[in-house]
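Let me begin by presenting the structure, written as structure tokens, before commenting on it.
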Amino acid sequence: MSTFRRLLRFIAPFRWWVLLAVSLGFATIGSSVGLMATSAYIISKAALHPDISVLQVPIVGVRFFGIARGIFRYTERLVSHQVTFRLLAELRAWFFSALEPLAPARLQQFRSGDLLARIVADIESLEHFYVRVIAPPLVAVLVAVLMWVLMAHYALPLAIVTVLFLAAAAIGIPLLTRSLGRGVSRSAVETRAELNVGLVDSVQGVADVLISGQENTRRTTLARLSQKLTALQNRLAVANGLNAALMGLLTNWATLAVLLIAIPLVSRGELDGVFLAVIALAVIAAFEAVTPLPETFTNLEGSLAAADRLFQVVDTEPQVVDPPAPSPQPESFGLEVRDLRFSYRPDDPPALDGIDFSLPEGGRLAIVGSSGAGKSTLVNLLLRFWAYRHGEILLGGHDLRRYRADDVRRMVSVVSQHTHLFNATIAENLRLSRPDATDADLIAAAEQAQIHTFIQSLPQGYSTFIGEQGLRLSGGERQRLAIARALLKNAPILILDEATSNLDPLVEREIMATIHRLMRGRTTLMITHRLVGLDAMDEILVLSRGKIAERGTHASLMAENGIYRNLWDLQHQVDLLDAGALPIALTDGI
Ligand code: ADP
22 MSTFRRLLRF IAPFRWWVLL AVSLGFATIG SSVGLMATSA YIISKAALHP
72 DISVLQVPIV GVRFFGIARG IFRYTERLVS HQVTFRLLAE LRAWFFSALE
122 PLAPARLQQF RSGDLLARIV ADIESLEHFY VRVIAPPLVA VLVAVLMWVL
172 MAHYALPLAI VTVLFLAAAA IGIPLLTRSL GRGVSRSAVE TRAELNVGLV
222 DSVQGVADVL ISGQENTRRT TLARLSQKLT ALQNRLAVAN GLNAALMGLL
272 TNWATLAVLL IAIPLVSRGE LDGVFLAVIA LAVIAAFEAV TPLPETFTNL
322 EGSLAAADRL FQVVDTEPQV VDPPAPSPQP ESFGLEVRDL RFSYRPDDPP
372 ALDGIDFSLP EGGRLAIVGS SGAGKSTLVN LLLRFWAYRH GEILLGGHDL
422 RRYRADDVRR MVSVVSQHTH LFNATIAENL RLSRPDATDA DLIAAAEQAQ
472 IHTFIQSLPQ GYSTFIGEQG LRLSGGERQR LAIARALLKN APILILDEAT
522 SNLDPLVERE IMATIHRLMR GRTTLMITHR LVGLDAMDEI LVLSRGKIAE
572 RGTHASLMAE NGIYRNLWDL QHQVDLLDAG ALPIALTDGI
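Residue numbers (our numbering): 22 to 611.
Shown next, in the form of structure tokens:
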């Protein structure tokens with residue numbers, strides 16, 4: 022389907038509003054024509070010194086059209102903006118809900134600045150689609166019909182000439198200026214997007230840019246893009262200026278043409294001379310309807326470019342497609358993985374290669390391995406963020422692919438290394454996992470996560486704003502909030518994805534103790550490269566380059582003298598060194 026038709030579909034629910042706005046737009050310009058015509062009539066007629074009673078009706082007409090014009094214009098703006106803003110709100114919600122199933126697998130191909138540009142700037146460009154693209158041509162057609170009726174009332178040639186000039190202005194000027202500025206609007210949209218991407222990237226990475234001394238290169242790139250955008254906007258401005266000049270020229274020619282036709286009619290006595298000014302001024306007023314049309318073409322191009330960029334994201338096929346049937350009822354909350362193989366792209370080496378394990382309900386399994394071993398990949402597959410083709414994952418006795426992604430995620434709590442905290446209050450951040458939790462629930466969870474006392478010590482307690490991404494909190498506090506969130510969610514399966522890896526050993530041990538409380542009664546999968554607290558696990562898998570290299574309990578693996586033992590020894594030495602540095606760490610305020 023063409024982009025234009027797809028865009029029109031968004032307007033369909035608002036068609037009555039659009040119709041109302043177009044009618045009001047027509048009424049506004051109709052009133053302008055009426056105002057000019059009646060004024061011209063009064064002035065011409067008054068010059069003949071008629072009886073004042075003859076002028077009574079036109080005087081009322083001037084008053085009516087004068088006031089009506091203002092009121093119509095005001096209500097037209099009100100209605101247009103109402104439609105526009107509702108449309109924008111719908112578009113944003115539509116785009117976000119289209120984005121959700123694409124995260125995170127498919128969104129990798131778009132840069133975050135680019136996505137931001139799309140969701141902010143492109144959607145805003147569509148604001149023009151209704152106000153400056155759809156409505157003006159419709160209003161212009163209605164005004165042309167009005168002028169035809171009005172002029173034909175005096176003489177048919179007048180009607181023909183007026184409509185021809187209106188058509189020339191409505192179609193001819195845009196075609197001419199469009200051929201001058203072909204593609205400029207589209208390039209401007211794309212350049213602006215590129216500039217946004219560059220800016221967001223530079224702001225996000227400002228520390229690294231400064232450290233690596235790249236600020237000049239960055240500045241030059243951004244300046245170049247900015248200059249390109251200015252040049253494009255200049256070209257658009259030149260085209261717009263040309264439009265305005267040509268429009269003025271055509272208006273004057275149209276006035277001249279109708280006068281050239283009407284004057285002989287007056288001399289032959291076929292037309293009352295009083296109407297000469299009426300005709301001329303009505304034509305001038307009618308041109309108000311076609312004045313915005315050249316811009317319509319430019320805006321159409323810009324809107325289509327913006328819409329294309331949005332549809333491009335929305336049309337991306339999600340990596341994981343929900344099954345059409347409702348999810349099965351799990352028989353238990355155990356997990357079974359059989360011969361699981363997965364690579365992110367067809368020609369990538371496998372990130373997981375022949376993984377097998379069985380985790381019964383309430384069981385505890387740890388997956389350890391160095392960075393890049395494939396641990397997070399397993400979590401991505403379990404949470405249905407990515408789709409796998411080879412092997413099997415059974416959740417409660419059913420293939421994971423038979424569950425809807427939402428249903429799987431409802432059964433699982435995740436405490437990860439990067440707990441995202443929103444720029445909101447502590448209470449709101451906790452309620453993310455259970456929106457209907459009462460204050461008592463929040464406190465109970467926070468107490469269990471041992472963060473309640475800390476929250477109470479804050480100036481506004483649970484209503485304290487924690488700043489963007491919770492920057493005002495320490496790593497340990499953030500993890501405790503994440504644990505409280507998981508406790509609130511009370512899901513039967515728990516995934517701990519490097520939950521303590523950002524913390525120093527002392528805090529790590531404390532958090533681990535809290536986590537052990539969280540694990541009670543829940544099926545737990547712990548992913549970690551830190552070998553701490555693993556003696557409490559039923560089984561440990563040691564992953565290396567996507568394969569299971571060793572498996573067993575902490576005691577059996579330690580006895581084996583293999584990778585696990587090596588890793589453990591290595592970490593122990595580092596931790597001992599860290600412990601030696603403890604006084605310094607303490608003065609740093611852990
Ligand atoms: P770990 O969590 O053990 O550090 P990962 O599961 O993140 O390891 O990574 C396993 C392999 O998959 C690595 O080679 C990594 O480069 C690759 N990988 C991870 N995430 C992606 C991704 N989103 N796209 C492509 N390759 C990825």
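Idealized CB from N, CA, C, for every residue including glycine.
Model, not experiment: these values are computed from the prediction.
Could you spell out where the alpha helix (DSSP H) holding S522 opens and where it closes?
Looking at the DSSP string, S522 is not in any alpha helix (DSSP H), and its letter there is neither H nor E.
Which residues bound the alpha helix (DSSP H) around V299?
From DSSP, the alpha helix (DSSP H) with V299 extends over 296-307.
Starting from the Cα of E519, find the closest Cα among I548, T535, L508, R330 and give me that residue.
With distances taken between Cα atoms, E519 lies closest to I548.
S223 by DSSP, collapsed to three states: which one?
Helix.
Report the CB separation of Q254 from A209 in whole angstroms; it is logged as a contact under 8 Å.
Going by Cβ atoms, the distance from Q254 to A209 rounds to 6 Å, so yes, they are a contact pair.
In the structure shown, what three-state DSSP assignment does P604 receive?
Residue placement at P604 cannot be trusted, given a pLDDT of 44 that sits under 50; what the coordinates show is reported in the next sentence. Helix at P604.
Heavy atom of the ligand NAP less than 7 Å from the Cβ of G395, yes or no?
By its list of ligands, the structure shown excludes the ligand NAP, since it contains just the ligand ADP.
Is DSSP giving S288 helix, strand or coil here?
Helix, per DSSP.
Do the segment 147-166 and the segment 184-201 touch if we need at least three Cβ pairs shorter than 8 Å?
Because the criterion of three Cβ pairs below 8 Å is met, the segment 147-166 and the segment 184-201 touch.
What's the C-alpha gap between P347 and L415?
Between P347 and L415, the C-alpha separation is close to 16 Å.
So what's G573 in DSSP terms, helix, strand or just coil?
The answer is strand: DSSP assigns G573 an E or B state.
Please state if the CB of I504 and the CB of V435 are separated by a distance shorter than 8 Å.
Cβ atoms of V435 and I504: not closer than 8 Å.
How big is the Cα-Cα spacing for A89 and A303?
Looking at the two C-alpha atoms, the distance is approximately 17 Å.
In angstroms with no decimal places, state the Cα-to-Cα distance between I611 and E531.
For I611, the predicted structure reports a pLDDT of 33, less than 50, and the residue's modelled location is therefore unreliable. A value from the coordinates is still provided. Approximately 12 Å between the Cα atoms of the pair.
Can you find a heavy atom of the ligand ADP that lies under 7 Å from the Cβ of G412?
No, the ligand ADP has no heavy atom inside 7 Å of this Cβ.
Tell me which same chain residues have a C-beta within less than 7 Å of the C-beta of D329, skipping the five on either side of it?
Same-chain partners within the cutoff: T24.
Are the CB atoms of A42 and E97 within a distance shorter than 8 Å?
Their beta carbons are under 8 Å apart, which means E97 touches A42 by this criterion.
State the DSSP-derived secondary structure class of D609, mapped to helix, strand or coil.
Because D609 carries a pLDDT of 38, less than 50, the predicted location of this residue cannot be relied on, and the following value inherits that uncertainty. D609: coil per DSSP, three-state reduction.
Whose CA, out of R359, L220, L453, lies closest to the CA of T242?
Here the closest residue by C-alpha is L220.
Quick one: using the 10 Å Cβ neighbour count with 16 as the cut-off for buried, is A466 buried or exposed?
Classification of A466: buried, given that the 10 Å Cβ count is 16 or more.
So does D374 have its beta carbon nearer than 7 Å to some heavy atom of the ligand ADP?
Answer for D374: no, Cβ out of range of the ligand ADP.
Is T238 near the ligand ADP, in the sense that its beta carbon is under 7 Å from a heavy atom of that ligand?
T238: no, Cβ never under 7 Å from the ligand ADP.
Pull up the CB-CB distance for P158 and T317, whole angstroms please, since I reckon it's below 8 Å.
Their Cβ separation, rounded to whole angstroms, is 6 Å, which keeps P158 and T317 in contact under 8 Å.
Please state whether the Cβ-Cβ distance between E581 and E571 is less than 8 Å.
Yes, these two residues count as a Cβ contact at 8 Å.
Exposed or buried, which one is Q225 when buried takes at least 16 other CB atoms within 10 Å?
That one is exposed.
Flag Y409 as yes when its Cβ comes closer than 7 Å to any non-hydrogen atom of the ligand ADP, and as no otherwise.
Y409 Cβ: outside cutoff for every heavy atom of the ligand ADP.
Taking the beta carbon of Q500 as the centre, do at least 16 other beta carbons fall within 10 Å, making it buried, or is it exposed?
Classification of Q500: buried, given that the 10 Å Cβ count is 16 or more.
Pairing CB atoms from the segment 63-75 with CB atoms from the segment 285-297, are three or more of them under 8 Å?
Yes: at least three Cβ pairs fall under 8 Å.
In its own chain, which residues sit with a C-beta less than 7 Å from the C-beta of D609, not counting the 5 before and 5 after it?
Only weak support is given to the placement of D609: the predicted model assigns it a pLDDT of 38, under 50, and the question is left unresolved by the model.
Spatial neighbours of D135 within its chain, please: C-beta separation below 8 Å, excluding the five flanking residues on both sides.
A214, N217, V218, listed in sequence order.
Since I believe L509 is in contact with L451 (beta carbons under 8 Å), could you give me their beta-carbon distance rounded to a whole number of angstroms?
Yes, L451 and L509 are in contact; Cβ-Cβ is about 6 Å, under 8 Å.
What are the boundary residues of the alpha helix (DSSP H) that includes F406?
Counting along the chain, F406 falls outside any alpha helix (DSSP H), and DSSP gives it neither H nor E.
What separation, rounded to the nearest whole angstrom, lies between the Cα atoms of L201 and G262?
Their backbone Cα atoms lie some 12 Å apart in a straight line.
Is D369 close to the ligand ADP? I mean its beta-carbon at under 7 Å from any heavy atom of the ligand.
D369 Cβ: within cutoff of the ligand ADP.
Please list the segments of the alpha helix (DSSP H) lying wholly inside the segment 101-149, counting only runs of 4 or more residues, in order along the chain.
Taking only runs of at least 4 residues, the alpha helix (DSSP H) segments lying wholly in the segment 101-149 are 133-138.
Just to confirm, does S392 get its C-beta within under 7 Å of one of the non-hydrogen atoms of the ligand ADP?
For the ligand ADP, at least one heavy atom lies less than 7 Å from the Cβ of S392.
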